[in-house]
Each structure stands twice: as structure tokens, then as C-alpha cells.
Amino acid sequence: MPTKQTRITQQAGRYGEFGGQYIPETLMHEVKNLTTAYEHYKNDPEFQTELRTLLQKYANRPSLLYHAKKMTADLKGAQIYLKREDLNQTGSHKINNVLGQILLAKKMGKTRVIAETGAGQHGVATATVAALMGMECEIFMGELDTKRQALNVYRMELLGAKVNSIKTGTGTLKDAVNAAMREWSRRTEDTHYVIGSVMGPHPFPEMVADFQSVISQEIKQQLLAETGKLPDAVVACVGGGSNAIGAFYHFIDEPTVKLIGCEAAGKGINTNQHAATIERGSTGVFHGMKSIFLQDDDGQITPVYSISAGLDYPGIGPQHAALAETKRAEYVGITDDEAVAAFEYLARTEGIVAAIESCHAVAYVRKLAPKLNPDQIIVCNLSGRGDKDVAAIARYRGKEIYD
Amino acid sequence: MTNNKPATTLTNAFKKSSKTFIGFLTAGDPTFEKSVKQILALAEAGTDIIEIGIPFSDPVADGPVIQAADLRAFAAEITTDKVFELVAAVRQKSQVPLAFLVYLNNVFKYGYEKFFKRCAKLQVGGLIIPDLPFEERAEVLPFAQKYGVALIPLVAPTSGQRIPSVVKDATGFVYAVSSMGVTGVRDQINTDLAKMVAEIHQATDVPVAIGFGIHTPQQAARVAQVADGVIVGSAIVKIIAQNKQQTLTELKKYATAMKKALSSRLNKSK
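Keeping their order, the protein sequence lines are chains A and B.
By UniProt numbering, the letter at position 46 of the first sequence is numbered 46, and the numbering carries on one by one without gaps.
By UniProt numbering, the letter at position 84 of the second sequence is numbered 84, and the numbering carries on one by one without gaps.
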């Protein structure tokens, strides 16, 4: 897969000042091995063919690019297209990256994979592919998240994975990453750490972006085939930023295409309960990368909040930090209320129950579409399906339903 | 000139008749005042270098014992500025060689220039930054060199051929990590420490101390047969965690026993 992001890459693993490999020496040897292996296999036609076959025959790619005509008519503006990553095997975009990484791990001779998960989608995807490829699998998940997403915990166990509930820190995604990194530093010989987003030390951000870039590759082909045009805007939700970078990737070098990332503004970016990293964060070094983080004056990472367990991460991938700094992409905050309203709106208007994460992007499309003309096109990435969120949304609306 | 460099205080701590004992504790655990007293107690009992941990919200290289210490320090509202004040309080009574264990983000956010300048002023000899491998050292090294503060490199059991690059430019001492994983006491250390230390000695003249997992005097004595010193963290933090009336006495007793184990039967290897 060619690296399209040359414009924001100055050296390997750097995107402007962001990126790098800020990890303990205990992990450096393995991260170097991984870099070498990835450099080799990304140019290996056999590996790419194997991956493409898995994506098509197992993960149900290409995913649909759906023209949401009712939504378009209702919003009275731009044509709205939904990229249906929610229809992938396991119900989210996470499978794209997991298939790539576990195939790579297998080539490297690994027999065990570990992963962090927030909402559980990355954990489920990892457990799924581990089952498919006969790998031992252990998932690290914050204690709070295991409660919010109890069904996904059982789903991972059903797929043969061991799920570790992490009680340290805030019991959410960042703590799950800490625990997975600690575990990896203990055992690298047979174990690959399948990082679920465009974060961590090089080569992870580059590798994950490459694996997710299939999203924008398909959007481009599908939209050109249907309309003969490029989109005017691509909108995606951003936690760590993997579905967004996948949706942006092949449009980064197309200056007419606006790229918009939607962060979780939780209860509002003027409260202390949000996860709006780009709007409220500052440059720092954490989880192996230099990027933008929500932190205090001393560099302590601050607790984050979002109704969505997949977006409440206090940082963002280094490519996004660079895209924000160079103003190539724009990042906006969407509150819990707006996301929940979009969740309900999409269900009633198009009959699609999308993940609450993805509904942050849908919420922004509702604001943006009326400002554009009917000959303009917005592509919104529906990164995942919303079955996992139904009970939580019911509770948000005051109905006590549990999974 | 060279002798005035803070880093030299660390190297000099290895020029003794016994092996060097390096003790770790977290700044502010459980309070500012108690930390000062603990450091002075360890120094009084013969601890050669005291490694002060600056608490971090997400210490990915640390095990549960030090994670808990960080939380206690935050409960005592420790900030980076307070850590420097704490060191200043120690310096009023003791010139014991000091180093910081600090995650890079705390230094980065404080500002490299300001951080190293304050270290030099307080004669803090070096920084152990667990998430700064040599690949990323270039952004910090000029400040370390300007103020003569050591960037103490960590060598892991898997470092192998990386060792010469990792210890290049080393001052103060080299921190050899005995085992994979995070900090914390271990009953067994399976790494070939003699081989690892020999490889480090081949690449640099600065002394080598071994840390991670060491807790008993017997273990320390065994490990010290191949190294210039030993580093003990979690075992000390566990004594502090009990927060008893006699904590200071117990710290002194522990440090004395460790020091004794490091002096008996052994001669300096270099």
C-alpha cells in the first residue's frame, strides 16, 4: 500500500513534530522488529493479496456507500452518503486493522495477541480474528467500560478471549492501554500487541492508517462510479482517530475535499467532562507518541468523559495532530445530547442504528448539510453499528433497560 | 569544571569500597514532610544514591506498588514545583547524591530548559526517563549537557546489539533492567546479568547498576557480584506504604542491611 501521506511526513514515524517512539527500552527491541516486518510485508504482494482476500471473503468488503436520500431531503442541502463500515463482519471498521495486524503477527511467528478496548469493538474484532487465525487472545478493558459494555465482554469470551478488567486509574480506555503496554513489556517473544487506533509508537500510527485507508479508497471509487465527483466534505468521529484517518487518507492530497473530525464534547467543552483533545488539549508525550493530549500544567493526563466508550481517550493520533496544526483538517466538538439526538434521528430517518461514536459525525452532518448546495456531497463514515448502545441510550432517555 | 557537574556526584557515589546502593521512593508519598524525612533517613543509613520518583498519572513502566505510591502522592497534592521544593528541603540538610525517575511528559510540559536548570541548581545528578529511548534522546540531550545533568540510560534484557548506541553519551551511571515487564519485586531473575553487564562495560566507562525486582539483601549481594550497584524501589515503597510510626526506623534498618550485604565478601569489580 503506498503511503499517500508524504506531505505530512518528514521522516519515518513523524508527522511534523508529532509521532515518534517514546517507549521503554524493554519494548524497543520488539517495536524495531515490528517496524522491519511491516516495512517488508507492506510491499509484499503475497501479503497484500492474502489481506485483500480476507477483507473481501471474511469481512464483507467493500462496504456499501449508501446514498441517504431521506436524510438528504430532510436536511435540504448537500447530498449525503453514508459509508457503511457498520456492515462489516464484527460491526465496525476495527476489523480492517485487526485483520492486517494479526496476519502480520502470524507472519512474524507470534502465537498470542493482546489488545486494549474501550467500547469493546476493537476487542471483539481482535477476539474474532484471533479465533479465525488460531491465536491465543487476551483483552484489556477498563472496569467502567466492562460495565457499560457488558454484552461485548461476554461476546469476546464467547470468541475464546480472556478479558482482563482494569481497575486502575479511571477504569477506561487509557487505563486499558496502560495495562496492555505493561503486559506487552513483560512478554514480547510470542505476543503481538494489536493497537486499535492510530496511536502508540511508530510504526503503529502509520500501519493502522494504512490498514484503515481501504475506507477512503473505496469511498473514492464508489463515489466516482456513482456521481463522477469527489466529495466536498468527509466527516468522521475521532477518538484515537482510526476510522477518521481511514476515511480521510486518500483525500488528504485532494485540496477540494474538506476533512472534518468530530470529537466527543461530552457535557460541553466548557465543562471538565469531555474528550475534546484537539479543541482543549496541548502537545505532550504519552503512550509512545508526541501528540496532543488533555493534560494539566504539570503534564498529568486528565480524566476524560464521553457517553461513548470508544471516544473517551485523552489523546489523538499524531497524524490528526499534524492535520489539525496544518489546518488540513478541521476538528469540531459534538456533545452527548447532540450525538444521542443523531442516534435517534438516523434510526428514524434511514432505519440505521449506528454506533454512538459514529453518531457524533452524523450530528455534525445535520449541521453542515443545510449550509451546502444540492450539487455538493458529504460523505459521513458510519464507523460501527449501534446495537451495543441501545441499552445505554434507553437509560439516557430514562428507561431502565440492561443488556 | 567537570567535577562541578551534578552528574559527577552520581559517578563518584560508585567510587567506594563497597558496591553502590541506590534506593527509590516517590516524592510526596505519603506527604511532602514525610518524604523529606524518609530521604534523610535513607541517606543517614548509608544509601549511596537516592532516586526520587516524580509521580505520573499513567506510569506505564511501573508495577502496582509504585502506581499506588503515585496515587498517594497525588492525594498529597504533589506537583513538579513541590518536588523541587522537596529537594531543596533535603539539600538544607544533606548532600546525598540524587536522581529523578520521571516520565518524559512531566519534563516536557515543565520545559526542558527550566527543568534541567532547576536540577543543576539543586545538584540533582541525573534523570531516569523510562519512556525516552535513545532514538528520541536528541531533543533532551542538549539541555542535559548544558547543565551537566546525566540522562541515565536504561538497558533491557532484550537490548542486545542496541547496547552500544543506548549507552553512548552516558554519564552518571547505566540502569540495567534485570527483567522484562514493569517495576516490582520478583523472587527470581532469569536474565544472564553477568553477560549483560559485561556488554555494557565494554561499551562505556560509566558504572552499571541493576534494578527491577531486587528486594532481599541476599538477592542484592548476588546481583552485586556482577554489577557496580543495585537499585531497590518497590521494596522500599512497600515499607513506606505501611505508613507506621516506625517507618523511618524500618527504612534505616532496611538500608543498613542492604548496605551491609553489598559490602561483605565483595570487592569492587572495577
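Quick reminder that beta carbons are idealized off the backbone N, C-alpha and C, glycines included.
Within a 10 Å sphere around the beta-carbon of Y154/A sit fewer than 16 other beta-carbons, which makes this residue exposed. Shown here, S306/A sits in coil according to DSSP, grouped into three states, outside any helix or strand.
The contact set of E51/B on chain A, defined by CB atoms closer than 7 Å, is empty, because the minimum CB distance reaches about 16 Å. The three-state secondary structure of R187/A, taken from DSSP, is coil. Taking all protein chains in view, the Cβ of P45/A is surrounded by fewer than 16 other Cβ atoms within 10 Å, so the residue is classified as exposed. Contacts with chain B at 8 Å (Cβ-Cβ) do not include S197/A. Scanning its chain for C-beta atoms nearer than 6 Å, with the 5 sequence neighbours on each side dropped, one finds around F47/A the residues Y41, in chain order. Per DSSP, reduced to three states, the secondary structure at H274/A is coil, with no helix or strand assignment. Of the other Cβ atoms in all chains shown, fewer than 16 fall within 10 Å of the Cβ of N190/B; this residue is therefore exposed. Per DSSP, T128/A lies in no beta strand (DSSP E); the unbroken alpha helix (DSSP H) holding it starts and ends at 121–133. For the region 171–186 of chain A, the residues whose beta carbon sits under 7 Å from a beta carbon of chain B are, in order, K174, N178, M181, R182, S185, R186. Taken through DSSP and simplified to helix, strand or coil, R280/A comes out as helix. Along the region 105–119 of chain B, going in chain order, the ones with a CB nearer than 9 Å to a CB of chain A are N105, N106, V107, F108, K109, Y110.
Within a 10 Å sphere around the beta-carbon of P318/A sit 16 or more other beta-carbons, which makes this residue buried. Neighbours of S57/B across chain A, judged by C-beta separation under 7 Å: Q300, I301.
In terms of Cα proximity to N381/A, the closest of R397/A, A236/A, D253/A is A236/A. Nearest neighbour of F18/A by Cα position, chosen from A180/A, K110/A, G288/A, A342/A, turns out to be G288/A. The bridge partners DSSP lists for A233/A are K258/A, I378/A. Here DSSP, grouped into helix, strand and coil, assigns R328/A to coil. Between the region 131–147 of chain A and the region 169–179 of chain A, the count of C-beta pairs closer than 8 Å reaches three or more; the two stretches touch. Judged by DSSP in its simplified three-state form, G19/A adopts strand.
Taking a Cβ-Cβ cut-off of 7 Å, the neighbours of G20/A in chain B comprise E136, given in sequence order. Per DSSP, reduced to three states, the secondary structure at Q38/B is helical.
Q225/B carries a coil assignment under DSSP once its states are collapsed to helix, strand and coil. Within the region 94–156 of chain B, the complete beta strand (DSSP E) segments of 3 residues or longer fall at 98–101, 124–128, listed in chain order. Contact between the region 268–275 of chain A and the region 73–84 of chain B is absent: fewer than 3 CB-CB pairs across the two stretches fall below 8 Å.
A residue is called buried when at least 16 other Cβ atoms come within 10 angstroms of its Cβ; A120/B meets this threshold and is buried. What Q295/A touches in chain B, judged by beta-carbon distance under 9 Å, is S57, N105, K109, going in chain order.
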